[in-house]
Every structure is written in C-alpha cells, then in structure tokens.
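Q: Numbering (the numbering used here), first residue to last: 1 to 635.
Cβ coordinates follow ideal geometry from the N, Cα and C atoms, glycine included.
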C-alpha cells in the first residue's frame with residue numbers, strides 16, 4: 001500500500017490540490033453508519049444520516065469527487081444541501097475548504113466519540129438538470145452521491161454499514177445482497193467504503209429476476225425493473241441469449257472476478273439512461289420495448305456485454321494511474337484506450353458470439369464507426385488519440401461546437417479498432433493459431449475468484465502481448481496512439497477480410513441507430529446530421545455543409561423551395577449526383593437565410609464489403625466459441 005500513498009501524493013502535488021493527511025497503513029477506527037431514505041419521490045430528494053466515529057481534534061470530511069467509472073471529477077457537490085453536523089446532540093460547525101470545495105474541515109469537540117451528519121441530495125427533477133435517478137416507479141441508488149467520509153484513510157480500510165429505506169412494497173437488487181429488514185429499512189452487512197461505492201442499488205415496484213447461469217456456484221442474474229409490468233416479460237430465446245453472453249465471457253477470460261454478479265437493468269422512459277461498470281454488478285438501461293420489440297433494440301443490447309467485460313477489464317485489472325487511494329485524489333486516464341477501448345471491442349465481439357447481436361450488426365458497427373473516425377476526424381491532424389483520454393476531465397459529455405475538429409472520447413471506438421488491428425495481426429503472425437483471446441486469458445484470467453483490483457501499466461500490456469506472439473507491440477501501439485493518420489487505424493478491417501465502402505443505403509446497424517435517434521445522417525455526403533424536426537445536430541468540419549456556413553445552431557426550414565421533410569432532403573442529395581441543386585432555407589437563431597450547398601456525389605453511407613480471396617478473420621472473431629445449446633459449465 002505504500003506505493004499507493006506515494007502515487008497519491010505525487011498526483012495531488014502535480015494537480016496543485018490541498019491534500020488531507022497521508023493515509024495511514026491501518027483500518028479506520030470504527031464503522032461509519034449510513035442511513036439513506038429514498039422515499040421522497042415527489043421531490044426526488046434523498047435524506048441521509050451518518051454516524052462517523054471520530055476523536056477530538058481536526059478532521060477533514062470528503063464528499064466524493066472522482067467517481068470510479070466516470071474517469072472525471074463528477075461528484076454532484078452542487079446537489080448536496082442541508083449539511084449539519086453534531087456531537088452529543090450539540091451542533092458542530094464545518095468550514096468548506098476554499099481550494100477544494102469537496103472538503104469540509106471540522107473541529108471535533110472534546111469528549112466526542114462520533115460525529116452525526118444529516119444532509120439531503122437533491123437529485124435532478126428533469127433530464128435537462130442531469131440524470132433522473134428517482135421516479136414514481138423506480139430509484140437508482142448510487143452510494144457515490146449519498147455519503148461523506150473521513151479523509152486520510154484508504155477507502156478500502158474504512159468500514160461502512162449502510163441501510164436503505166424504500167417505498168413500501170418495492171423490491172431491490174444490488175451486489176450487496178438482499179439485506180436484512182430493520183423496521184422500514186433494509187440493512188446491509190458492513191463492507192469497506194470501496195465495496196459499498198462499487199455496489200449501487202436499483203429498486204422499484206415492477207421487478208423480475210432472471211437466472212443467467214443456472215446451477216453455477218457463482219450466480220449471475222438479470223435484475224429487471226420497469227415502468228410497467230408488461231415490460232418485464234422476456235421470451236426463452238431472449239433469456240438464452242443473455243445466458244450465452246455469460247458463458248461466452250467465462251470461456252473468453254477463463255476466470256471470474258466476482259462471487260456473484262447482478263445486471264441492474266432498468267427499462268424506462270423516465271429513469272435516466274445509464275451504462276456503468278462495477279466489479280460484481282453493472283448498471284444498464286433501455287427504453288420501453290426492449291423485450292417486446294426485440295428486433296428494434298439491438299443497439300441497446302451491447303451495453304450488457306460492454307459492462308460485463310468491465311468486471312475483468314477496468315474493475316479487476318485496473319490502470320495503475322487510475323486506481324487512487326480515495327475518491328478525492330485526482331485520477332489519471334492515460335490507459336483508457338485499454339480500459340474502455342478493449343472493453344468496447346470485446347463488448348461487440350461477445351454480443352455477436354452470444355447472439356445478442358448478429359454478425360451483420362457487428363460488421364455494421366465497424367462500418368459506421370470506422371467511417372466516422374476515418375472521414376469525420378479532422379481533429380486528428382492536431383490531437384492524437386492518446387490525448388483524448390483526457391477528454392472526461394476536459395468535457396464530460398456535454399455538447400461540443402464541432403466534435404470532428406475538437407475530437408471527443410475517441411479512445412472508446414478508435415480503441416476498439418486498435419484492438420481489432422492487434423487481434424488480426426496476431427492471427428496473421430501465428431497462422432491462425434493464436435489471437436487476442438489468448439491475451440485476454442493471460443491478462444485478465446488470472447487469480448480466479450479474486451475481486452480486489454490488480455493494477456497494470458503500459459509495459460504490462462506490451463509484455464503480455466509479446467507472450468502471445470513476439471512483435472514490436474510497443475511501437476505498434478504508440479504509432480496508433482500518438483500518430484496523426486491520415487485516417488483511422490482501419491488495417492484490422494482489411495486484415496479481417498473486409499473493405500470499407502460507401503453506398504446509397506446504410507447497413508442495418510446504422511438504420512436502427514437513425515430510427516432510434518429519429519435522425520437523418522448525411523455525415524459522408526453533405527457533412528451534417530439532422531433531427532426529426534430539421535434541427536442540425538452535427539456539422540462535419542470542412543465538409544460541404546461547413547463550407548456553406550451551416551452550424552449546429554441552424555434548423556432547415558425548406559429544401560429547394562419546399563417545406564422541410566426528411567424525404568425531400570434525401571431526394572435532393574440523391575438528385576445532386578445528376579446535377580440537381582441543394583438549396584436550404586435555414587433559421588439561424590432569429591435570422592433566416594438561403595444557403596446553397598455545393599455537393600454532387602449523391603448519397604454515401606458506409607458499408608463493409610467482403611474482400612474476396614482473403615481470409616475472413618473478422619467473422620471468425622465474431623463466431624461463438626461454445627455450442628449454442630451447450631449446458632452451463634459447473635466449476
């Protein structure tokens with residue numbers, strides 16, 4: 001643990017943050033008791049009480065700032081209200097640290113043995129204010145937002161005993177287990193703060209639990225909560241696809257780093273969407289119709305496989321500079337192209353191997369995002385992929401003026417292409433005898449049953465790749481991480497036996513995305529995307545639309561003199577290939593102007609086309625590793 005504290009001290013010093021006392025190499029003296037009341041649905045307010053063992057003298061209390069899985073300082077300190085501290089029934093004043101607003105300085109009075117805290121968490125009442133986590137049908141309890149903790153100790157050494165009060169009759173699911181009734185509340189067994197923070201609760205009035213690994217000594221369940229009871233019904237085939245996901249993941253990694261696992265899954269129009277990883281659970285969501293309209297919900301299914309992979313990649317094996325001793329020491333995101341990029345890759349691969357996706361859908365993923373990264377990232381000329389790992393700190397997923405010039409969290413999708421490149425390169429170098437799966441088993445499939453984090457560095461990644469097959473993997477990775485192109489790293493697509501081309505009609509993957517978003521995508525022709533009302537939501541830097549002076553502030557009102565309809569714009573773009581005009585009447589804030597767009601190449605949508613005469617490595621990557629009807633494997 002000493003290296004943990006040394007690293008934390010260096011990070012804090014470099015960041016210019018006022019530090020709490022160094023964490024002693026011992027457990028916190030006493031157990032913090034936390035009580036959360038989640039019954040105030042009308043106001044969407046959580047009421048919190050805490051009892052914190054404390055000795056007389058100076059004490060720093062932290063509200064969590066750097067939230068695991070967010071990779072950024074996103075703790076909603078602005079939503080905390082009503083904080084009052086007391087000792088022995090007498091009020092104790094606190095002073096916020098002006099250089100670190102997440103820290104509260106307290107003088108614990110003589111004779112006190114504990115501090116009692118009360119405060120409220122005012123969660124968003126509508127999506128425009130943040131993710132809605134409380135509705136009249138369900139609640140998402142993320143302990144990360146609902147507690148304060150004593151500074152100066154590693155969070156793995158601070159015991160917490162939590163209890164939760166829910167509306168009468170509601171069910172809950174969490175990696176903490178079912179808990180024990182305690183009056184109107186449910187009391188959970190004491191765990192470390194690290195485990196508590198990594199074990200959210202999903203609760204609601206409409207609930208179904210599906211066993212995804214029958215007979216296994218390590219249970220896995222899909223815990224479904226929905227706005228209405230009819231959304232809970234899954235067919236046997238749908239359940240079996242999720243069961244195959246669990247089996248294929250176990251086959252891939254060869255070990256499990258959880259004693260049980262819960263997919264905490266919400267189907268809702270009202271509860272905010274989420275996809276967040278945890279060691280023994282994940283938070284996943286979909287809109288209503290996930291089971292009822294199965295064929296329309298393919299894109300939502302990959303969230304399940306992505307977050308499951310994170311149990312191995314990101315939670316068990318964790319970048320050394322991302323694993324901090326507490327939740328207020330700044331995290332470093334330099335290896336997110338492994339943490340998220342490889343998870344994105346294997347999320348797609350396991351979705352296909354399990355049957356949650358068809359191989360065609362997976363190929364559509366590589367076509368759509370490959371073209372996006374290849375043609376729409378002018379920002380590559382000044383900003384390498386490695387620098388995008390800083391994006392969560394620079395901009396936490398708020399709207400950008402020109403994302404193609406600024407770049408965003410490209411380490412996800414472009415990271416996936418780097419790992420496709422590595423996978424096909426390994427297969428080529430070994431004549432098909434080895435693959436990235438061998439890396440996954442060697443890197444993540446160690447110490448079966450351990451679920452405390454095991455950290456890694458860039459050199460560890462390179463060393464394990466060389467253990468699969470000798471190659472200059474350091475140069476391979478650094479070229480792709482630090483280079484400026486031109487274009488995206490698409491060698492894995494070509495080596496996989498496919499070509500990226502452009503046709504009039506998109507692949508089903510993109511069609512479903514466009515239908516889901518109610519958008520019209522002309523990124524590879526005009527260079528813009530519009531919503532159902534004609535509002536421009538994205539303009540590609542240096543595209544015909546950009547050159548014509550269009551921005552995301554504009555709404556298309558008319559096309560060639562006629563009122564805007566999505567089909568009319570599509571017809572105009574198609575006709576442009578034969579010399580037809582594209583003249584748009586747009587509203588730009590309070591002004592109207594006519595904008596001629598110079599473009600003559602017709603509709604262009606990305607597709608993957610088989611390169612005949614080459615090995616089809618991509619489809620082999622996507623092929624199930626287990627018989628579709630295989631029985632669950634017992635350990």
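Would you report the Cα separation of residue 426 and residue 55, rounded to the nearest angstrom?
A: Walking along the chain shown from the start, residue 426 turns up at place 426. Walking along the chain shown from the start, residue 55 turns up at place 55. Whole-angstrom Cα-Cα distance: 58 Å.
Q: State the CB to CB distance for the pair residue 284 and residue 307, rounded to an integer number of angstroms; the pair is presumed to be in contact (CB under 8 Å).
A: Locating residue 284 in the chain shown gives position 284, counting from the first residue. Locating residue 307 in the chain shown gives position 307, counting from the first residue. About 6 Å; that satisfies the 8 Å criterion.
Q: Ends of the beta strand (DSSP E) at residue 92?
A: Along the chain shown, read from residue 1 onward, the residue named residue 92 stands at position 92. 90-92 is the span of the beta strand (DSSP E), which, as asked, contains residue 92.
Q: So what does DSSP say about residue 67, is it helix, strand or coil?
A: Counting from 1 along the chain shown, the entry for residue 67 is found at position 67. Of the three classes helix, strand and coil, the one that applies to residue 67 here is strand, per DSSP.
Q: Does the stretch 257-276 come within contact of the stretch 208-225, defined as at least 3 CB pairs closer than 8 Å?
A: With a cut-off of 8 Å, the stretch 208-225 and the stretch 257-276 count as touching, because enough Cβ pairs lie within range.
Q: Check each candidate in 112, 126 and 287 and name the one with the smallest Cα separation from residue 41.
A: In the chain shown, residue 41 corresponds to position 41, counting from 1. The shortest C-alpha separation from residue 41 is found at 126.
Q: How would you label residue 480, buried or exposed, when you count the other beta carbons within 10 angstroms and need 16 or more for buried?
A: Counted from its first residue, the chain shown places residue 480 at position 480. It is buried - the Cβ of residue 480 has at least 16 other Cβ atoms within 10 Å.
Q: In three-state terms, what does DSSP make of residue 535?
A: Taking the first residue of the chain shown as 1, we reach residue 535 at position 535. Residue state, collapsed to three classes: strand.
Q: Where in the stretch 259-325 do unbroken runs of the beta strand (DSSP E), each at least 3 residues long, occur, reported from the N-terminal end onward?
A: 261-267, 275-277, 281-286 and 317-319, all fully within the stretch 259-325.
Q: Within this structure, are the beta carbons of residue 441 and residue 407 separated by less than 8 Å?
A: The residue given as residue 441 occupies position 441 in the chain shown. The residue given as residue 407 occupies position 407 in the chain shown. No, the pair does not count as a contact, with Cβ atoms beyond the cut-off.
Q: Under 6 Å Cβ to Cβ from residue 123, same chain only, skipping five residues before and after it: list those, please.
A: Taking the first residue of the chain shown as 1, we reach residue 123 at position 123. Same-chain partners within the cutoff: 44, 133 and 134.
Q: Taking just the CA atoms, how far does residue 356 sit from residue 623?
A: Stepping through the chain shown from its first residue, residue 623 is reached at position 623. Stepping through the chain shown from its first residue, residue 356 is reached at position 356. Residue 623 and residue 356: Cα-Cα distance of roughly 12 Å.
Q: At what residues does the beta strand (DSSP E) containing residue 47 begin and finish?
A: Taking the first residue of the chain shown as position 1, residue 47 is located at position 47. Residues 45-53.
Q: Taking the DSSP output, what are the residues bridged to residue 455?
A: As a first step, residue 455 must be located in the chain shown, where it is residue number 455. Bridge partners of residue 455: 318.
Q: By alpha-carbon positions, which one of 474, 354, 499 and 579 ends up nearest to residue 252?
A: For the purposes of this step, residue 252 is taken as the residue at position 252 of the chain shown. When each option's Cα is compared against that of residue 252, the closest is 354.
Q: Would you say the stretch 444-458 touches the stretch 302-319, given that touching needs at least three Cβ pairs under 8 Å?
A: A contact exists between the stretch 444-458 and the stretch 302-319.
Q: Under three-state DSSP, which class holds residue 331?
A: Position 331 of the chain shown, counted from the first residue, corresponds to residue 331. In this structure, residue 331 counts as coil in the three-state DSSP scheme.
Q: Leaving out five residues before and five after residue 365 in sequence, what residues of the same chain have Cβ atoms less than 6 Å from its Cβ?
A: For the purposes of this step, residue 365 is identified with residue 365 of the chain shown, where counting begins at 1. Within the same chain, residue 365 has close Cβ partners 348 and 509.
Q: Please say whether residue 59 and residue 101 have beta carbons closer to each other than 8 Å?
A: Working through the chain shown from its first residue, we reach residue 101 at position 101. Working through the chain shown from its first residue, we reach residue 59 at position 59. No, they are not a contact pair.
Q: Do residue 120 and residue 86 have their beta-carbon atoms positioned less than 8 Å apart in this structure?
A: Looking up residue 86 in the chain shown gives position 86. Looking up residue 120 in the chain shown gives position 120. The answer is no: Cβ separation not under 8 Å.
Q: Within 10 Å of its beta-carbon, does residue 505 have 16 or more other beta-carbons around it, so buried, or fewer, so exposed?
A: Translated into the one-based positions of the chain shown, residue 505 becomes position 505. Flag for residue 505 reads exposed.
Q: Keeping to the same chain, check which residues put their C-beta closer than 8 Å to that of residue 209; ignore five residues upstream and five downstream.
A: Residue numbering aside, residue 209 sits at position 209 when the chain shown is read from its first letter. These residues qualify, in order along the chain: 173, 221, 222, 223 and 224.
Q: For the structure I just gave you, are there three or more beta carbon pairs, one from the stretch 552-569 and one from the stretch 479-494, closer than 8 Å?
A: Taking 8 Å as the limit for Cβ pairs, the verdict is that the stretch 479-494 does not touch the stretch 552-569.
Q: Keeping to the same chain, check which residues put their C-beta closer than 6 Å to that of residue 69; ignore five residues upstream and five downstream.
A: Within the chain shown, the letter at position 69 stands for residue 69. Contacts found: 276 and 277.
Q: Check for me: the beta strand (DSSP E) holding residue 556 runs from which residue to which?
A: As a working note, residue 556 is residue 556 in the chain shown. Unbroken beta strand (DSSP E) run through residue 556: 554-559.
Q: Could you pull the DSSP bridge partners for residue 637 from this structure?
A: The structure shown does not extend to residue 637, since the chain is modelled only from 1 through 635, so no value can be given for it.
Q: With DSSP as the reference, label residue 180 as helix, strand or coil.
A: Counting from one through the chain shown, the residue named residue 180 turns up at place 180. It is a strand residue.
Q: In terms of residues, what are the limits of the alpha helix (DSSP H) holding residue 543?
A: The count along the chain shown starts at 1 and reaches residue 543 at position 543. No alpha helix (DSSP H) contains residue 543, which DSSP labels as neither H nor E.
Q: Please go through the same chain and pick out, in chain order, the residues whose beta-carbon is closer than 6 Å to the beta-carbon of residue 499, but skip the five residues on each side of it.
A: For the purposes of this step, residue 499 is identified with residue 499 of the chain shown, where counting begins at 1. Cβ within range, chain order: 609 and 611.
Q: Across the stretch 570-583 and the stretch 466-480, are there enough close Cβ pairs to call them in contact, namely three or more that are closer than 8 Å?
A: Because the criterion of three Cβ pairs below 8 Å is not met, the stretch 570-583 and the stretch 466-480 do not touch.
Q: Mind checking whether residue 197 and residue 113 have CB atoms under 8 Å apart?
A: Locating residue 197 in the chain shown gives position 197, where the first residue counts as 1. Locating residue 113 in the chain shown gives position 113, where the first residue counts as 1. Taking 8 Å as the Cβ cut-off, residue 197 and residue 113 do not qualify as a contacting pair.
Q: Based on DSSP bridge pairs, tell me the residues matched to residue 221.
A: Position 221 of the chain shown, counting from 1, holds the residue named residue 221. In DSSP, residue 221 forms a bridge with 211 and 262.
Q: For residue 423 versus residue 436, is the C-beta spacing smaller than 8 Å?
A: As a working note, residue 423 is residue 423 in the chain shown. As a working note, residue 436 is residue 436 in the chain shown. Cβ atoms of residue 423 and residue 436: closer than 8 Å.
Q: With distances taken between CB atoms, is the gap from residue 247 to residue 618 smaller than 8 Å?
A: If you number the chain shown from 1, residue 247 lands on position 247. If you number the chain shown from 1, residue 618 lands on position 618. For residue 247 and residue 618, no; Cβs fall outside 8 Å.
Q: Cα separation between residue 412 and residue 402?
A: Position 412 of the chain shown, counting from 1, holds the residue named residue 412. Position 402 of the chain shown, counting from 1, holds the residue named residue 402. Taking the straight line joining both Cα atoms gives about 19 Å.
Q: From the DSSP secondary-structure annotation, give me the bridge partner or partners of residue 592.
A: By 1-based counting over the chain shown, the position of residue 592 is 592. Bridge partners of residue 592: 587.
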